[in-house]
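In the working numbering, the protein residues as written are 23 to 298.
Glycine included, C-beta positions come from ideal geometry on N, C-alpha and C.
A quick write-up on the structure given underneath.
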Ligand code: PLP
């Protein structure tokens, strides 16, 4: 497999990053995962915009356009003969003697390589179980940063509890999102999802679903749900680049609707697939 390390396309075995790369030592960097369907990146511009936003928010001096990231991503997929899959890319503040403060002359390090993606067919068809975990992440979840430690721990908790994904909550009145996905509820025909603010990552798949709702005039509200609200939902689903749209049939011992996949979730799934 070929990978990008800065301006070089090299074989994976030859790709080196410095021991003192700040991404490695501090999680001082940002990333994206972008899906490719039939040789085309899905919502590429939205991903690149979010990447530039993340870079700006953490003050990594890297211009996505100037570095021709779009061309690099296309090239890496071609070079590896991949038409269906995803690309992982990250940009760190680069290597410098270990010190918390920013280096005076940072040299950001760009890496990118293809990720294999297999559609979770069974889960898309039958739905998943989620488990509630307190959201102990920092308060800038809008930045797609490399600091994923609580997300990682939460996903492991889900696995140990026999669930596909975690549902985070800050307190009993505030459900946020999944450990690597956004959450949607459906109540009386209305979709409900957390507003795009610093408590969640504004997922690109989330944006795609909101666009679908606008186009098809499916009512949708961006508002915060409480733990009690979860008990009243008729349907629920999660969204992410790799999972796409996954129905949720239970959250711990809360059964969603009658425990089967609801009609609105199916419709959103279908409309989403049509776009890909
Ligand atoms: N929320 C978090 C915390 C994530 O890590 C992700 C994706 O990895 C998402 C939401 C979904 O975002 P997207 O639809 O852009 O993949």
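query: Are the CB atoms of residue 168 and residue 220 within a distance shorter than 8 Å?; result: no
query: Assuming residue 272 is part of the beta strand (DSSP E), what are its boundary residues?; result: 266-273
query: Ligand 1 and residue 140: does the residue's C-beta get closer than 7 Å to at least one heavy atom of that ligand?; result: no
query: For residue 111 and residue 54, which I take to be in contact (beta-carbon distance under 8 Å), what is that distance rounded to the nearest angstrom?; result: 5 Å
query: In whole angstroms, what separates the C-alpha of residue 135 from that of residue 103?; result: 12 Å
query: Helix or strand or just coil, what does DSSP make of residue 176?; result: helix
query: Can you give me the C-alpha to C-alpha distance between residue 216 and residue 36, rounded to a whole angstrom?; result: 43 Å
query: Less than 7 Å separating the Cβ of residue 298 from some heavy atom of ligand 1?; result: no
query: Under 8 Å, with one C-beta from each stretch per pair, do the segment 62-71 and the segment 90-101 reach the 3-pair mark?; result: yes
query: Three or more C-beta pairs under 8 Å: does that hold for the segment 274-282 against the segment 118-130?; result: no
query: Here's the rule: buried if 16 or more other CB atoms are within 10 angstroms of the residue's CB, otherwise exposed. What is residue 252?; result: buried
query: Does the Cβ of residue 165 lie closer than 7 Å to at least one heavy atom of ligand 1?; result: no
query: Nearest CA to the CA of residue 298: which residue from 108, 139, 58 and 243?; result: 58
query: Mapping the DSSP letters down to three states, classify residue 136 as helix, strand or coil.; result: strand
query: Would you be able to state if there are at least three C-beta pairs under 8 Å between the segment 170-181 and the segment 223-235?; result: no
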